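Asker: Going by my numbering, the first residue of the sequence shown is number 550, and it counts up by one from there. All C-beta atoms in this analysis are idealised placements derived from N, C-alpha and C, irrespective of residue type, glycine included. A quick note: this is a predicted structure, and the numbers were derived from the prediction, not measured. Submitted below is the structure of interest, expressed as C-alpha cells.
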Amino acid sequence: MKFFADTADTAEIEELAATGLLDGVTTNPSLIAKSGRDFMEVTREICALVDGPVSAEVVALDHETMMKEAETLRKIADNVCIKVPLTIDGLKTCKALTGDGTMVNVTLCFSANQALLAAKAGATFVSPFVGRHDDNGFDGMELIRDIRLIYDNYLFDTEILVASVRHATHVLESARIGADVATMPPAVIKGLVKHVLTDKGIEGFLADWAKTGQKIV
Ligand code: E4P
550 MKFFADTADT AEIEELAATG LLDGVTTNPS LIAKSGRDFM EVTREICALV DGPVSAEVVA
610 LDHETMMKEA ETLRKIADNV CIKVPLTIDG LKTCKALTGD GTMVNVTLCF SANQALLAAK
670 AGATFVSPFV GRHDDNGFDG MELIRDIRLI YDNYLFDTEI LVASVRHATH VLESARIGAD
730 VATMPPAVIK GLVKHVLTDK GIEGFLADWA KTGQKIV
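This is the structure in C-alpha cells:
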C-alpha cells in the first residue's frame with residue numbers, strides 16, 4: 550500500500566520524504582488555507598520534494614473553468630495530479646484530463662456508486678473519505694470493502710486512495726482490504742512506527758549492552 554501525506558506543510562513533507570516511505574502528497578483548499586502559503590508556490594515546492602503524485606484541487610464547479618484551472622495547475626510539474634470533486638462536471642473534467650494523459654484524483658467520494666462513476670470516468674485515483682463517513686454514522690471501512698469488490702469485479706485500474714484517515718486502525722484496515730493508497734496526516738504516519746514494546750526492548754538491550762563496556766567500531 551502506498552503512503553501519501555495529507556498536508557501542505559513542506560517541512561513535514563521534507564521530513565517524511567527523507568525516510569523513503571513517502572509515495573505522494575494530497576492537498577485540498579482547506580490544507581492550503583491552513584498553510585497560509587500561496588497555492589501555486591507551495592504546490593511547486595511540494596512537487597519538487599516528492600517523486601510521486603501531488604494532488605492539487607480545482608475550486609471551480611463548472612467543467613469549463615475546471616479545465617482552465619487544471620491547465621494552470623498541470624504546468625506546475627509533471628507529478629501534479631489534478632483533484633476534482635465527485636460531481637457531473639468533475640467527472641466530465643476527469644474524463645477529459647485522463648484521456649489526455651493527466652493524472653486525476655476524484656475526491657469527496659462517499660458511496661460505492663460514486664466510486665464506480667469515478668472509475669468509469671477513467672480516474673487515476675478515487676478518494677473515499679473514511680473519517681468523515683464514520684463521523685456521520687456510516688462505516689468508512691465498509692465503503693472501502695465495497696469499492697475494492699466492485700473494482701476487482703470489473704478490473705478497473707483506478708486506485709483506491711483512502712482519505713480522511715484519522716488513526717492507525719484506518720491504515721491497518723485499508724491494508725487488510727487491499728486499498729492501493731492511504732493518505733494520512735503526518736502525525737498518523739509517524740504514529741505507525743510507535744510500539745511500547747519496541748521502546749521497552751531498545752531500553753533493555755541498551756542497558757545490557759552498557760554492562761559489556763564494548764563499542765562497535
Ligand atoms: C484527501 O485528499 C483530503 O485532503 C483529506 O483526506 C480530507 O481529510 P479530513 O476529513 O481530515 O479533512
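Output the distance between the C-alpha atoms of P734 and T556, rounded to the nearest integer angstrom.
Answerer: 6 Å
Asker: Taking the beta strand (DSSP E) that G573 falls in, what are its first and last residues?
Answerer: 573 to 575
Asker: Excluding five sequence neighbours on each side, which residues of the same chain lie with their C-beta closer than 7 Å to the C-beta of K551?
Answerer: Answer for K551: D572, G573, D729, V730, listed in chain order.
Asker: So what does DSSP say about S604, is it helix, strand or coil?
Answerer: strand
Asker: Return the first residue and the last residue of the beta strand (DSSP E) that F674 is part of.
Answerer: 674 to 677
Asker: Among the residues of its own chain, which have a CB less than 8 Å from the CB of T636, if the five just before and after it don't count?
Answerer: L610
Asker: What span of residues does the beta strand (DSSP E) with A731 cover, start to end?
Answerer: 730 to 733
Asker: With a threshold of 7 Å (Cβ to nearest heavy atom), would R681 be considered close to the ligand E4P?
Answerer: yes
Asker: Quick one: give me the first and last residue of the beta strand (DSSP E) that T656 is part of.
Answerer: 653 to 658
Asker: Look at the alpha carbon of T747 and the alpha carbon of R681, and state the distance between them as a whole number of angstroms.
Answerer: 32 Å
Asker: Do I595 and T559 count as a contact pair if the criterion is CB distance below 8 Å?
Answerer: yes
Asker: Mark Y703 as exposed unless 16 or more other C-beta atoms lie within 10 angstroms of its C-beta, in which case mark it buried.
Answerer: Exposed, because fewer than 16 other Cβ atoms sit within 10 Å of the Cβ of Y703.
Asker: Looking at the structure shown, is D748 part of a helix, part of a strand, or coil, going by DSSP?
Answerer: Here D748 sits in helix by DSSP.
Asker: Give me the residue from D627, Q763, S723 with the minimum Cα distance to A712.
Answerer: If we check each option's Cα against that of A712, S723 comes out closest.
Asker: Keeping to the same chain, check which residues put their C-beta closer than 8 Å to that of S660; ignore five residues upstream and five downstream.
Answerer: For S660, the CB contacts under 8 Å within the same chain, skipping 5 residues up- and downstream, are L692 in chain order.
Asker: Helix, strand or coil, according to DSSP, for A712 in the structure here?
Answerer: strand
Asker: K764 by DSSP, collapsed to three states: which one?
Answerer: coil
Asker: Going by DSSP in three states, A736 sits in which element: helix, strand or coil?
Answerer: A736: helix per DSSP, three-state reduction.
Asker: If you check the beta carbons only, do V714 and V742 fall under 8 Å apart?
Answerer: no
Asker: Between P602, F705, C643, which lies nearest to M615 when the distance is taken from Cα to Cα?
Answerer: C643
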